[in-house]
Each structure stands twice: as C-alpha cells, then as structure tokens.
Amino acid sequence: MMAANDSWIVISGAGGALGRALVSHFAAKGPVLALDRHFDAEAPPPQAVQRTLDLADEAEVRQALAEAIPASASIALLVNAVGLIWNEPTLALKGARLHTHDLKSWRDVIEANLTAPFVVATQVAARMVRRGGGAIVNFSSIASEGNPGQAAYSAAKAGIEGLTRTMAIELGPLGVRVNALALGFIDVATTREAVAEERLQGYVKKTPIGRLGQREDVINAIEFFASNTFANGTIVKLDGGLRL
2 MMAANDSWIV
12 ISGAGGALGR
22 ALVSHFAAKG
32 PVLALDRHFD
42 AEAPPPQAVQ
52 RTLDLADEAE
62 VRQALAEAIP
72 ASASIALLVN
82 AVGLIWNEPT
92 LALKGARLHT
102 HDLKSWRDVI
112 EANLTAPFVV
122 ATQVAARMVR
132 RGGGAIVNFS
142 SIASEGNPGQ
152 AAYSAAKAGI
162 EGLTRTMAIE
172 LGPLGVRVNA
182 LALGFIDVAT
192 TREAVAEERL
202 QGYVKKTPIG
212 RLGQREDVIN
222 AIEFFASNTF
232 ANGTIVKLDG
242 GLRL
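Going by our numbering, the first residue of the sequence shown is number 2, and it counts up by one from there.
Next up, the structure:
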C-alpha cells in the first residue's frame, strides 16, 4: 500500500525494454509512476502505477500526475527515458531522383525525442518545486554529436542536451537538479531491432571496453545523478568510450 506522503519516482518511456527494467529496479525502492504511449500485457510491479497517454500532451501528462500521485506526496526523481529511433538520411538518391527527409517522420521524431521529454519534465518539475525539489535525468544519445542517417534523431538529442543545461540553470535555485545521460549502444531489444547485428558487433570492436552497455550500467548512472546533490547541468556520455 502506498502512503499519501511517499516520495515517488516518475519514469517516462516506461513501456520499452530499458524503461521496464528501470521500473522494476526503482519500484523495489518505493512507488513509481510509469508513463508511456503503450505497455505490453505484463503486469507492473506492485509498487508501480501505469498510465497510457500521449507524452507530448500537457493536459494528459498533468492529469496522469494528478490522478496517480497524491498532492501531499513529493516526486524525488524523474527519469525521462521516452524516445523514438528513426533512421533516414537528410537527402537520399533513390534511382534518378533526390529525395529529402520525410517531414512527417521529422516531426514524429522531434515530438517523441524532444517535445515529449520537455512536456513531462516541465510538468514534473512544477510538482517538484512545490514539494521541495528533486532530480531529473533526461536521456540523450551519442548521436547528439551527429550521426549519418539520423538527422532528426541527432537534432532532437542535441536539443535535449541544450534543454537539460537550460533547465539546470533555471531550476537549480528552486531545488531541482537536471542532468542527462548520452547513451551509446545498450543491449536491449530496441537497439537490436534498430541496428543490424553485424554493424552492432562492429561498434563493439571499436569500443575500448569491448562490449555493449547493460541495463545495470544505465541504472548505476541514474542512481549517481539521483544521489549526488552537486551534479547539475551535467551531460555524461555512457558509451564505453566508443566516441573517444
């Protein structure tokens, strides 16, 4: 049973492979609100509450927070893990015609990777400020530095890093710390669906520590940001040294 004064953790993108692992981990510590557009049929842990919604819709996010988390409860941590990977070059030669990046795909990727995290972060931050502060961890990517075939995704993740720094400046004085993880290749289903195995193994060979990231690597980094009260506006690259 969750008490009205419990300290909550909110996880966006909680329906994905990595998001589910985060929910399981943090639900062992206290109540979790798991947010996403879609969840599979698997029941959440007892300490977790699921809400299916449009994460880019302010009204829906605000309502989910109000319905799930008592007004007297605080939110200690937001893990903004929502995102969508889409590979499409800026310009592509298809036969004799030069095609530009599909604008609908662009908008969808920007909405999923930048607008939705912004909406969730601002709604949660408002609750945090009213209840004495908290920590936000946004998910960026090493693609924020630019990556062939990922114009929209790279632009969105670069935007997340700018948003993280700006929110850190604005919200730090109000007791809310904001940091981000720039993730490399994490060994979850979405990575293997997006990247061919041969290509993935090529990245492993280029990585100094010689392996893909694991769920535990991401969890440990989040725990660091949650507990270190001097970390604010920091972007940590979590890629095993791939981009060195």
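Think of the CB as a built atom: it goes at the ideal place given N, C-alpha and C, for glycine as much as any other residue. None of the values given here were measured: they were computed from a predicted structure.
Residues of its chain near residue i, where Cβ-Cβ distance is below 8 Å and the 5 sequence neighbours each way are ignored
i, result
"E61", "L54, D55"
"Q215", "I187, D188"
"D218", "I187, L239"
Separation of residue j from residue i, as counted between CA atoms
i, j, result
"G14", "L92", "30 Å"
"G211", "D41", "32 Å"
"A195", "G17", "13 Å"
"S8", "A227", "13 Å"
"L172", "W107", "30 Å"
"I223", "G147", "24 Å"
"G135", "H100", "45 Å"
"V1", "L213", "Only positions 2 to 245 of the chain appear in this structure, which leaves residue 1 out of reach."
"A152", "P90", "7 Å"
"R63", "K207", "43 Å"
"S250", "G185", "The shown model of the chain, from 2 to 245, leaves out residue 250, and the question about it has no answer."
"P71", "R244", "43 Å"
"V24", "I12", "7 Å"
"V205", "E198", "10 Å"
"Q51", "V83", "14 Å"
"R132", "T192", "37 Å"
Extent of the continuous alpha helix (DSSP H) run through residue i
i, result
"N221", "216 to 228"
"S75", "That residue, S75, is in no alpha helix (DSSP H); its beta strand (DSSP E) goes 75 to 81."
"V62", "59 to 69"
Neighbourhood of residue i by C-beta, 6 Å cutoff - its chain only, sequence neighbours within 5 removed
i, result
"P209", "G242"
"A169", "V179, N233, G234"
"P32", "M3, D7, W9, Q48"
"R21", "none"
"A117", "L56, A57, V83"
Coil, strand or helix - residue i by DSSP
i, result
"F27", "helix"
"L239", "strand"
"I86", "coil"
"M2", "With a pLDDT of only 47 at M2, under 50, the local geometry of the prediction cannot be trusted, and no value is derived from it."
"G150", "coil"
"G14", "coil"
"A197", "coil"
"N233", "coil"
"Q124", "helix"
"V179", "strand"
"T116", "helix"
9 Å Cβ cutoff met for residue i and residue j
i, j, result
"I137", "N88", "no"
"A156", "I236", "no"
"L34", "A69", "yes"
"Y154", "I220", "no"
"V80", "V130", "no"
Where the beta strand (DSSP E) through residue i begins and ends
i, result
"F40", "Element bounds for F40: n/a, residue is neither H nor E."
"I137", "135 to 142"
"R52", "49 to 53"
Sequence-distant residues of its chain with Cβ nearer than 7 Å to residue i (five each side left out)
i, result
"A28", "P46, Q48, A49"
"F119", "L164"
"K158", "N114, S141, S142, A144, S145"
"R128", "L66, I76"
"G160", "L115"
"E112", "A57"
CB contact below 9 Å: residue i versus chain B
i, result
"V24", "The structure shown has no chain B; it contains just one protein chain."
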